[in-house]
Amino acid sequence: MRARRLVLPAILVAAAAVRLWLLASPVGRLDGDEAAAGMAAQGILEGRYPLYFPDPLAYFGALEQYLQAPLLALDPTSPFLLRLPQVALSVASCWLVAVVARRCLAAPGDPTWAGETAAALFAVGPFFSLAWSFKTRTYTAALFLGLAGLALALGVRPDDRRPVLRAAAFGLVCGLAFWTNWTSAFLLLPAGLYWFGAAGRRRWALLLPAAAAFAVGAAPFLVVALRGRPPTFLDRVVTPSTIPQRAEALFGSVLGQFVGVRRPIPAGADTPVLPEPLPLVVVGVLLALVVVAALRRSRGLLRLVTLRGGAAPGDALLLAALLAPVLYVASRFAFLTEEPRYLVVLYGALPVGLAALVPRGRAGRAGPVVAGLLVAALALSTVDGTVATLRTDGLAGTWRSQAQSEDLPAVLAALEDEGVDAVWADYWLAHPLAFVARDRIIAATWEQPRFPEHYDAARADPAPAYAARVGPQTDDLAAALDAAGATSRRRVVRSVTLFLDVTPPVQPTRQALSVFDAGLAPAP
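Throughout the sequence shown, residue numbering follows numbering that gives the first Met the number 0, covering 0 to 523 in sequence.
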């Protein structure tokens, strides 16, 4: 028994080690979105307190930035320190997966290893789960909050000695998720139904503390809304798509990447890990198992959705699996169909569902073998995705070429050596460079100016430089400068090309904010 107590801590250590290794590898290069979040965390250290991700179209709560700021106090320009809170949240989620699995799968007196099996599955894959476990886009926080709410709800009993405290905790988690990232609803909606049904006769009395705690967690959203400027993700312009198009993307590619049988973009450009049509078969089998389980648990699901109580804890996870495709396809915001970023929260359900396939009872002797095969399969998927990403020098989960963030200190030193005060670059290079530079130079993007002060400062500079990644981006920028009638001197610093001494000085046009759209105009 003592040895068994060490298994879960060992799994958590392994989960942390794998994620830290990936973070320190090229897979963990800082991208434009992460750098923008890092700049917001730097701002917290300087006395600016954002409520949402820095963007005129605010759509993520800034919870992660308040977790990042204390670590950045040690080194405000460290991409590694910036993502450590996400690693910690992911490891905490691994523990919560074990808690949820035990409550869903472990029967009284059954010496099952359901919690350890689910945690091990979460710890090793699939690749997209690990690659996005440290990305600063609030999905890691959304997963943690969704699992925390689910674990709280599944622990509700009619004879609970502290029902008010548990209700308040659940309400607070839901409020924080409402502020941070709405994809937590994949787990929190079924969790809320289960909590309300399991609370019994006290359910109505517990709504007040739950609602009050929800208001506390969602306070940033309420503050912004009361100011008359609700977060504009509610009406942001998205890529036009139809329900059939979103359904085709979900079942044709996104789910394959989600479960690890297809490689995420650009690591292999959505190529299959297994020979065709095996990826489609694997996804189809998993979906069929969900349908079979739903039919077998139809009475429990009915009791769950009608709030009558008596549903099994596993019914909440089963409902999450049934609701997810419906919510995904119905949402017009599910427009980034190339990758399963909007399904990250479901990595809290996938390992528990896979652990449910491990034989128990009389067939339990085969359990360790089946569990080992499942863990090995996900681990191999992670190895394949990692190798493909490193081979293509890409970054999992992003459809654009990324800046090699390890080169940015050298690029910054070269700009300072050239006496440059302001430099223009595209979104995926400007923000990482600005994060590393902090106040040493101004690095601004002509795309999506999340930081207007940087944009305005670069426009005010009489002789700005330009920067682009070596490759097609350099060629495009050179063509834009030529079209504007400007000459320049090039200096290549590792993976970045600097365009210096631009004559005559030119600036991106205000109308398009893109040198590739409306071109460049003479500097004022």
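No residue lacks a Cβ here, since even glycine has one placed at the ideal position from N, Cα and C.
Test item: CB-CB of leucine 187 and phenylalanine 143 under 7 angstroms: no
Locate the beta strand (DSSP E) running through phenylalanine 498, then write down its first and last residues. 495 to 502
Minimum C-alpha distance to alanine 100 - residue among Val435, Ile441 and Leu349: Leu349
Looking at the structure shown, is serine 487 part of a helix, part of a strand, or coil, going by DSSP? strand
Whole-angstrom distance between alanine 210 and arginine 160, CA atom to CA atom: 20 angstroms
Where threonine 397 and leucine 428 are concerned, what is the direct C-alpha to C-alpha distance, given to the nearest angstrom? Its pLDDT being 44, under 50, threonine 397 is placed unreliably by the model, and nothing is read from it.
Proximal residues to glycine 267 (C-beta, below 6 angstroms), its chain only, five neighbours per side dropped: With a pLDDT of 49 at glycine 267, under the threshold of 50, the modelled position of this residue cannot be trusted; read the value that follows with caution. Ala387, listed in sequence order.
Going residue by residue through the segment 388 to 449, where are the continuous alpha helix (DSSP H) segments of at least 4 residues, counting only ones entirely within it? 407 to 416 and 426 to 436
Can you tell me where the alpha helix (DSSP H) holding arginine 261 begins and where it ends? Premise fails: arginine 261 is in no alpha helix (DSSP H) and is neither H nor E.
How about alanine 61 and leucine 44: do their beta carbons lie closer than 7 angstroms? no
Less than 7 angstroms separating the beta-carbons of alanine 198 and leucine 192? no
Residues near valine 172 by beta carbon distance below 6 angstroms, same chain, minus five either side: Leu144, Ala147 and Gly148
Tell me glutamine 506's beta-bridge partners as DSSP assigns them. Ala520
Glutamate 405 versus alanine 466: straight-line alpha-carbon distance, rounded: 16 angstroms
Going by the beta-carbon positions, is the gap between proline 82 and phenylalanine 133 smaller than 7 angstroms? Proline is not the amino acid found at residue 82; the sequence shown has arginine there. Yes. Within cutoff.
Distance, aspartate 314 Cα to leucine 73 Cα: 45 angstroms
Return the first residue and the last residue of the beta strand (DSSP E) that tyrosine 341 is part of. Element bounds for tyrosine 341: n/a, residue is neither H nor E.
What's the C-alpha gap between alanine 105 and glycine 347? 17 angstroms
Does the distance from the CB of valine 123 to the CB of arginine 18 come in under 7 angstroms? no
Please report the Cβ distance between valine 495 and valine 435, rounded to the nearest whole angstrom; I am assuming they are in contact, meaning their Cβ atoms lie under 8 angstroms. Valine 495 to valine 435, Cβ: 12 angstroms. No contact.
Start and end residues, alpha helix (DSSP H) containing arginine 202: 202 to 216
Please give the ranges of any alpha helix (DSSP H) in the segment 132 to 185, keeping only runs that are unbroken, at least 4 residues long and fully inside the region. 138 to 153 and 162 to 179
When you compare each of Pro504, Leu273, Glu446 and Leu316 to alanine 292 by their alpha carbons, which one comes out closest? Leu316
Assigned secondary structure, proline 367 (DSSP; H/G/I helix, E/B strand, else coil): helix
Own chain, CB closer than 8 angstroms to threonine 139, minus 5 neighbours either side, in chain order: Glu63, Gln85, Leu88, Ser89, Ser92, Trp131, Ser132, Phe133 and Val343
From what residue to what residue does the alpha helix (DSSP H) around arginine 18 run? 6 to 23
So for glycine 465, helix, strand or coil by DSSP? Looking at the sequence provided, one finds tyrosine at residue 465 rather than glycine. DSSP places tyrosine 465 in strand when its eight states are reduced to three.
Since valine 282 and valine 260 should fall inside the 8 angstroms C-beta cutoff, what is the C-beta to C-beta distance between them, to a whole number of angstroms? 7 angstroms
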